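Asks:
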DNA sequence: CAATTTGTTGATAACGTTTTCATTGAGATT
DNA sequence: AATCTCAATGAAAACGTTATCAACAAATTG
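Protein chains in written order, with the UniProt record's numbering: chain A, 1 to 337; chain H, 1 to 337.
1) For residue 378/A, return the contacting residues in chain H, with the cut-off set at a CB-CB distance below 7 Å.
2) According to DSSP, simplified to helix, strand and coil, what is residue 223/A?
3) On a Cα-Cα basis, can you pick out the residue from 74/A, 226/A and 146/A that is closest to residue 65/A?
4) For residue 12/H, does the three-state DSSP call read helix, strand or coil?
5) Just the chain A side, please: which residues come within less than 7 Å of residue 322/H by C-beta, in chain order?
6) Taking the alpha-carbon positions, what's the residue 234/A to residue 297/H distance?
7) Can you tell me the Cα-Cα spacing of residue 73/A and residue 222/A, whole angstroms?
8) With 9 Å as the limit, tell me which residues of the stretch 62–78 of chain H have their beta carbon closer than that to any beta carbon of chain A; keep them in chain order.
9) State the CB to CB distance for the pair residue 275/H and residue 165/H, rounded to an integer number of angstroms; the pair is presumed to be in contact (CB under 8 Å).
10) Answer with yes or no whether the minimum CB distance from residue 147/H to chain A is below 8 Å.
11) Would you list, in chain order, the members of the UniProt domain "HTH lacI-type" (4–58) of chain A that have their beta-carbon closer than 7 Å to a beta-carbon of chain H?
12) Under the DSSP definition of a beta bridge, which residues are partnered with residue 321/H?
13) Would you say residue 150/A and residue 121/A are within 8 Å of each other, going by their C-beta atoms?
14) Let me know if residue 84/A comes out buried or exposed under the rule of 16 or more other beta-carbons within 10 Å of its beta-carbon.
15) Please confirm if residue 93/A has its CB atom under 8 Å from at least one CB of chain H.
16) Can you give me, in chain order, the residues of the stretch 283–295 of chain H that have a beta carbon less than 7 Å from any beta carbon in chain A?
17) Would you decide whether residue 316/A is buried or exposed? Buried here means 16 or more other CB atoms lie within 10 Å of its CB.
18) Quick one: residues in its chain with C-beta nearer than 6 Å to the C-beta of residue 197/H, no 5 flanking neighbours on either side, listed in chain order?
19) If you measure from the beta carbon of residue 222/A to each beta carbon in chain H, is any gap under 8 Å?
20) Give the secondary structure of residue 72/A by DSSP, where H, G and I count as helix, E and B as strand, and everything else as coil.
21) Quick one: is residue 254/A near chain H, going by C-beta distance under 8 Å?
22) If you draw a straight line from the alpha carbon of residue 289/A to that of residue 281/H, how long is it in whole angstroms?
23) State the DSSP-derived secondary structure class of residue 4/A, mapped to helix, strand or coil.
24) What three-state label does DSSP hand residue 261/H in the structure shown?
25) List, in order along the chain, the chain A residues whose C-beta lies closer than 7 Å to that of residue 260/H?
26) For residue 127/A, does the three-state DSSP call read helix, strand or coil?
27) Mark residue 134/H as exposed unless 16 or more other C-beta atoms lie within 10 angstroms of its C-beta, in which case mark it buried.
28) Rounded to a whole number of angstroms, what is the C-alpha to C-alpha distance between residue 1/A and residue 20/A?
29) Which partner residues of residue 289/A appear in the DSSP bridge assignment?
30) How about residue 153/A and residue 245/A: are their beta carbons less than 8 Å apart?
31) Using 8 Å as the threshold, is the stretch 175–191 of chain A in touch with the stretch 209–224 of chain A, meaning 3 or more CB pairs across them?
32) Going by CA-CA distance only, name the one from 124/A, 141/A and 123/A that's closest to residue 131/A.
33) What does DSSP give as the partner residues of residue 102/H in its beta bridges?
Structure, rendered in structure tokens:
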């Protein structure tokens, strides 16, 4: 029951280590007879190839790291699950790079590609975790795909969602229901996603000829709590909004809580729309109207794009934009006069 | 800018590779002068030690895998975040073993310890993912800690919560409010946690002299949806329950949704208690009374116990039971006559 | 029948570390 | 002065694979 190496297997089956290796990685180039012998020996001594030996030789780790601000967030968790799923299908392992927004941790995880511990990075952040000079070209970077929070660097593989358009669609929905005083509760304003959604909000307003009122936008941080406190602030306004555009479902969840506490009925007294369409959305009371994000597709595309880079395959489209669509439920209604 | 190895550093600083290695892992045994030289050279050529070279030599990967049924679940996500945090502190990486309850994936991830890819396993499952014979002794197993869903094997390190006692406390709370017809919505009944909670439920009932009514327990699966459908079933009973004990917050969330649809007010018409105290609990309407699980502590203890095994330190207490306490909020109230 | 191709296999050399062991020289002890 | 100790270093041998290259037999071709 001692840990068996490739040499033991070789000896046991009467072939060379090379042949054992071939039997495992290129079965078709070894004769049926020897293959059988080797397989039997492997089974007999319970041999499992040592990853480090192989990796050291091939310079491939078979792992990737996903650098993500907070695994606890349902949106992030959904994507990472999809990534894990796709990675597993192609024999890759996923290292969890939960950073809690700590730049030190981000860099730590990013450095793993230098030490060879991972073959590539999926990055959910707008900050490139490397030091680069202006002369640095894209192909000097390690395999990397950037998702959801675009970083400002041409040529990097990205899988995104059009946050401006999505926000616009969300707000247009409210406008079409007769709302004019539409509050907005943002996520962290240091993220591109939140900025883009704010831009979309403004564009929708402008297009409908509604004047932008800075008092109606309150900054949150994508967390439930912030949705609640922001809503309380908005309700304290002398002229309160008749609808709320929340930049995440979590925020909407907090908002609903605050609205209930204030004795307001959704959607009769006030409409609310969320963003993400997490699994909670459909079960809120009332069921939340929200922008549906294609988590599964995001993960899938991230992994595909990363794999192409790792395997140095040509990539036709380095920038993938996934559709995001409005999921209308019961939390929005025609404005009551 | 080519990737530098230890040999380049050695040449650049005029020492041997051995000294470079020592400078990095045992700085104190190399003279200050050479240390400085080496450090300067390292900095100059941007050297990062190759993980595989080191791991091959030391037979240590510096990684662990956490095998968990579903990262999307807020409870699981909370624990894994804590594990990642603790692991990072001691220089370990966390491989994400999200299995979606697929035994094949469980075994795949478990096998990583055999291939050397990870040094240990944190397992959230009641099934041991190895083939063992009756003669197998504990110290033949790889470093392993089992959490939340106890596996039936003496001597394995475990960090647990007393689900029987916790459930009992939850139900006693309802009983103390005058409830007698208390519905239960279970999680997956193939898990020990759910069975234990059901046991606790029955014990509390028995202790209060309330007869157990099988009609009042409905099987869910820890997901929101199941909470909703289970509640609908319970409400269809000729004599419906006056309180609901939900085996997870997600279930409670689904239950609240169903109750609202049925026009019932919580807690006036029916009380609800959950289990987990996820971040959503406090913001439900009404705020959910629930059993608080110490996610952070669970993760912390898991990692500590695993590390002790990896480093072959003596372990005084192999079985850790963490306290779980009732968090009373607004979803439970005195039974109205 | 000789020449060439094809299909299998083995020997061997890396891959990049760490660690053991031996060596050196300087300072301390007799 | 001769020996001993000790700290600092280097040489070299692993760790367990895989890939290259050469070798050999068998099969095909001219």
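Where is the CB? At the ideal position from N, CA and C, for every residue including glycine.
Just so it is clear, the structure is predicted and the values come from calculations on it, not from any experiment.
Replies: On the basis of the data shown:
1) Not covered by the structure: residue 378/A. The range shown for chain A is 1 to 337.
2) Residue 223/A falls in the coil class under three-state DSSP.
3) In terms of Cα proximity to residue 65/A, the closest of 74/A, 226/A and 146/A is 146/A.
4) Residue 12/H: helix per DSSP, three-state reduction.
5) Simply none; closest approach about 19 Å.
6) Annotation: residue 234/A to residue 297/H spans about 37 Å, alpha carbon to alpha carbon.
7) Cα-Cα distance, rounded: 9 Å.
8) If the cut-off is 9 Å between Cβ atoms, the stretch 62–78 of chain H has 62, 63, 65, 66, 70, 71, 72, 73, 74, 76, 77 and 78 near chain A.
9) Contact doesn't hold; Cβ gap of about 13 Å is too wide.
10) Residue contact with chain A for residue 147/H: absent (no Cβ-Cβ distance below 8 Å to any residue of chain A).
11) Result list: 48, 49, 50, 51, 52, 53, 55 and 56.
12) Its beta-bridge partners are 160/H.
13) For the pair residue 150/A and residue 121/A, the CB atoms are not nearer than the 8 Å cut-off.
14) The residue is buried, with at least 16 neighbouring Cβ atoms inside 10 Å.
15) Output row for residue 93/A: interface = yes.
16) Taking 7 Å as the Cβ-Cβ cut-off against chain A, the residues of the stretch 283–295 of chain H that qualify are 283 and 285.
17) The residue in question, residue 316/A, is exposed, as its Cβ has fewer than 16 Cβ neighbours within 10 Å.
18) If we look at residue 197/H and ignore the five residues flanking it on each side, its Cβ neighbours are 163, 167 and 247.
19) So no, residue 222/A is outside the interface.
20) Here DSSP, grouped into helix, strand and coil, assigns residue 72/A to coil.
21) So, interface residue.
22) Straight-line Cα distance between these residues: approximately 21 Å.
23) Here DSSP, grouped into helix, strand and coil, assigns residue 4/A to coil.
24) Three-state DSSP puts residue 261/H in a helix.
25) Within chain A, the residues near residue 260/H are 285.
26) DSSP places residue 127/A in coil when its eight states are reduced to three.
27) Here residue 134/H is exposed, its C-beta having fewer than 16 other C-beta atoms within 10 Å.
28) Reliability of the predicted coordinates at residue 1/A is poor, the pLDDT of 46 falling under 50, and the value obtained from them is presented with this limitation in mind. Going from the Cα of residue 1/A to the Cα of residue 20/A covers about 19 Å.
29) Beta-bridge pairing links residue 289/A to 273/A.
30) The answer is no: Cβ separation not under 8 Å.
31) The answer is yes - the stretch 209–224 of chain A touches the stretch 175–191 of chain A, with three or more Cβ pairs under 8 Å.
32) In this structure, 141/A is the residue among 124/A, 141/A and 123/A with its C-alpha nearest to the C-alpha of residue 131/A.
33) According to DSSP, which records beta bridges pairwise, residue 102/H is partnered with nothing at all.
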